[in-house]
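Asker:
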Amino acid sequence: MWRSCLRLQDWGRRLLKWPPGDPTASARLGPAPQSPARAYAPPTERKRFYQNVSITQGEGGFEINLDHRKLKTPQAKLFTVPSEALAIAVATEWDSQHDTIKFYTMHLTTLCNTSLDNPTQRSKDQLIWAAVKFLDTDTICYRVEEPETLVELQKNEWDPIIEWAEKRYGMEIGSSTSIMGPNIPAKTREVLVSHLASYNMWALQGIEFVMAQLKSMVLTLGLIDLRLTVEQAVLLSRLEEEYQIQKWGSIEWAHDYELQELRARTAAGTLFVHLCSENTTVKHKLLQE
Numbered sequence: 045m046w047r048s049c050l051r052l053q054d055w056g057r058r059l060l061k062w063p064p065g066d067p068t069a070s071a072r073l074g075p076a077p078q079s080p081a082r083a084y085a086p087p088t089e090r091k092r093f094y095q096n097v098s099i100t101q102g103e104g105g106f107e108i109n110l111d112h113r114k115l116k117t118p119q120a121k122l123f124t125v126p127s128e129a130l131a132i133a134v135a136t137e138w139d140s141q142h143d144t145i146k147f148y149t150m151h152l153t154t155l156c157n158t159s160l161d162n163p164t165q166r167s168k169d170q171l172i173w174a175a176v177k178f179l180d181t182d183t184i185c186y187r188v189e190e191p192e193t194l195v196e197l198q199k200n201e202w203d204p205i206i207e208w209a210e211k212r213y214g215m216e217i218g219s220s221t222s223i224m225g226p227n228i229p230a231k232t233r234e235v236l237v238s239h240l241a242s243y244n245m246w247a248l249q250g251i252e253f254v255m256a257q258l259k260s261m262v263l264t265l266g267l268i269d270l271r272l273t274v275e276q277a278v279l280l281s282r283l284e285e286e287y288q289i290q291k292w293g294s295i296e297w298a299h300d301y302e303l304q305e306l307r308a309r310t311a312a313g314t315l316f317v318h319l320c321s322e323n324t325t326v327k328h329k330l331l332q333e
């Protein structure tokens with residue numbers, strides 16, 4: 045039984061609570077192309093076909109073993125991750141499945157598959173510019189003109205985050221009520237390109253994934269930089285929707301389910317970014333019976 049994720053679980057709690065093809069044949073997931081932010085969609089559920097999950101270190105990094113099968117990507121590449129901490133996280137996803145494998149809950153595995161296969165064949169520069177382009181349609185940069193209560197809510201909740209980002213990265217963002225959005229200076233884009241270039245390809249895939257969830261580059265920067273918690277970032281990304289729900293009510297259970305799913309995806313993407321930037325090795329036995 046998997047017993048080696050205490051450090052990982054503690055890290056996950058810190059992120060959440062920090063203040064301000066055929067798996068049977070080759071243990072791989074089948075491809076289902078989507079948007080660039082999530083190039084692979086998890087397949088349908090299937091019965092668990094393995095008993096034990098383990099990690100081994102190979103020449104290219106850390107590998108995941110399902111019984112005696114080595115996990116592979118949808119393109120049949122050996123599933124190898126660059127850090128031990130990320131390998132533990134992925135192995136934990138597989139080990140936590142019960143009688144049925146719920147692939148749609150395995151966000152880290154999906155992100156690793158996307159990073160390994162790069163199905164959209166984008167370079168690092170292309171990933172960076174795709175991320176910067178998110179700023180043009182950033183959720184918190186678009187403001188309403190009415191009702192007054194929502195205008196005030198957006199100002200009170202979103203302005204501090206924009207101000208933080210402008211000060212933190214030395215750039216200008218601003219906001220606008222125009223359908224065209226704010227006029228983003230070229231200097232701001234240069235600053236963001238330079239900042240994102242400090243991340244590796246894997247981390248950039250995770251950053252893009254988080255931005256796709258939050259519909260906001262500014263909120264993603266705040267989350268990755270630990271300025272925001274997952275709960276805060278998600279609620280800020282849904283500010284107008286939450287306002288309408290408070291005013292008109294919500295569909296029973298549907299709202300809570302959607303919120304929890306968004307939190308799970310956002311948390312997984314954020315954890316992925318940090319684990320892909322982690323260079324230390326976990327100093328304990330990986331698997332115990």
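When you line the sequence shown up against this note's numbering, it's residues 45 to 333, in that order. No residue lacks a Cβ here, since even glycine has one placed at the ideal position from N, Cα and C. Computed from a predicted model, the values in this text were never measured in an experiment.
Mind pulling the alpha helix (DSSP H) runs of 4 or more residues that sit fully within the region 239–311?
Answerer: With a minimum length of 4 residues, the unbroken runs of alpha helix (DSSP H) contained wholly in the region 239–311 fall at 245–258, 261–268, 274–281, 283–292.
Asker: Under the rule that 16 or more other beta-carbon atoms within 10 Å means buried, what is R72, buried or exposed?
Answerer: Since pLDDT at R72 reaches only 41, below the 50 mark, its modelled position is unreliable, and no value is offered.
Asker: Which of helix, strand or coil does DSSP assign to L331?
Answerer: Confidence is the limiting factor: at L331 the pLDDT is only 41, short of 50, which leaves the residue's position unreliable, though a coordinate-based value still follows. Here L331 sits in coil by DSSP.
Asker: Alpha carbon to alpha carbon, how far is M215 from V235? Give it in angstroms, no decimals.
Answerer: 7 Å
Asker: Output the distance between the C-alpha atoms of D180 and E189, rounded to the nearest integer angstrom.
Answerer: 19 Å
Asker: Given 8 Å as the limit, is there contact between the region 197–213 and the region 270–290, that is, 3 or more CB pairs closer than that?
Answerer: yes
Asker: Could you check if T100 is buried or exposed, using at least 16 other CB atoms within 10 Å of its CB as the buried criterion?
Answerer: The residue in question, T100, is exposed, as its Cβ has fewer than 16 Cβ neighbours within 10 Å.
Asker: Run through DSSP, which three-state label would Q101 get?
Answerer: In this structure, DSSP gives Q101 an extended state, which the three-state scheme calls strand.
Asker: Taking the beta carbon of S242 as the centre, do at least 16 other beta carbons fall within 10 Å, making it buried, or is it exposed?
Answerer: By the neighbour-count rule (16 or more Cβ atoms within 10 Å), S242 is not buried but exposed.
Asker: From F253 to L272, what distance separates their C-alpha atoms?
Answerer: Taking the straight line joining both Cα atoms gives about 17 Å.
Asker: Given D111, which residues of its chain have a CB within under 7 Å of its CB, disregarding the five upstream and five downstream residues?
Answerer: Y94, Q95, N96
Asker: Quick check: the Cα distance between L123 and L240, rounded to an integer number of angstroms?
Answerer: For the sequence presented, residue 123 should be read as Phe rather than Leu. When rounded, the distance between both Cα atoms is 25 Å.
Asker: In or out: Q304 buried (at least 16 other Cβ within 10 Å) or exposed?
Answerer: Answer is exposed; the Cβ neighbour count stays below 16.
Asker: On the DSSP letters alone, give me the boundaries of the alpha helix (DSSP H) that L171 sits inside.
Answerer: 168–177
Asker: Are the beta-carbon atoms belonging to C185 and S220 less than 8 Å from one another?
Answerer: yes
Asker: Would you give the residue range spanned by the alpha helix (DSSP H) that D151 belongs to?
Answerer: Sequence inspection shows His at residue 151; the Asp mentioned does not correspond to that position. 151–161 is the span of the alpha helix (DSSP H), which, as asked, contains H151.
Asker: If you draw a straight line from the alpha carbon of Q141 to that of E89, how long is it in whole angstroms?
Answerer: 11 Å
Asker: Spatial neighbours of T153 within its chain, please: C-beta separation below 6 Å, excluding the five flanking residues on both sides.
Answerer: Non-local C-beta neighbours of T153 in its own chain, meaning closer than 6 Å and more than five positions away in sequence, comprise V134, E137, ordered along the chain.
Asker: Would you report the Cα separation of G313 and M245, rounded to the nearest angstrom?
Answerer: C-alpha separation (whole angstroms): 14 Å.
Asker: So what does DSSP say about N109, is it helix, strand or coil?
Answerer: strand
Asker: Can you round the beta-carbon distance between K211 and D161 to whole angstroms, since I take them to be within the 8 Å contact cut?
Answerer: Not confirmed; about 38 Å, so no contact.
Asker: Run through DSSP, which three-state label would V125 get?
Answerer: In this structure, DSSP gives V125 an extended state, which the three-state scheme calls strand.
Asker: Cutting at 7 Å between CB atoms, please list the residues of its own chain near P229, excluding the five before and the five after it.
Answerer: E216
Asker: Taking the alpha-carbon positions, what's the W208 to L265 distance?
Answerer: 10 Å
Asker: Sort out for me which residues DSSP pairs T144 with in a bridge.
Answerer: K91
Asker: Would L171 pass as a contact of L258 if the rule is Cβ separation under 8 Å?
Answerer: no
Asker: Where does G250 land, buried or exposed, given buried means 16+ other C-beta within 10 angstroms?
Answerer: buried
Asker: Measuring straight from C-alpha to C-alpha, what distance separates R309 and L319?
Answerer: 15 Å
Asker: For a minimum of 4 consecutive residues, which ranges assigned as the alpha helix (DSSP H) are wholly contained in the region 200–240?
Answerer: 230–240
Asker: If you draw a straight line from the C-alpha of T183 to the C-alpha of G102, how long is it?
Answerer: 42 Å
Asker: To the nearest angstrom, report how far apart P75 and T117 are at their CA atoms.
Answerer: Residue placement at P75 is poorly supported in this model, since its pLDDT is 37, which falls under 50; the coordinates are not used for a value here.
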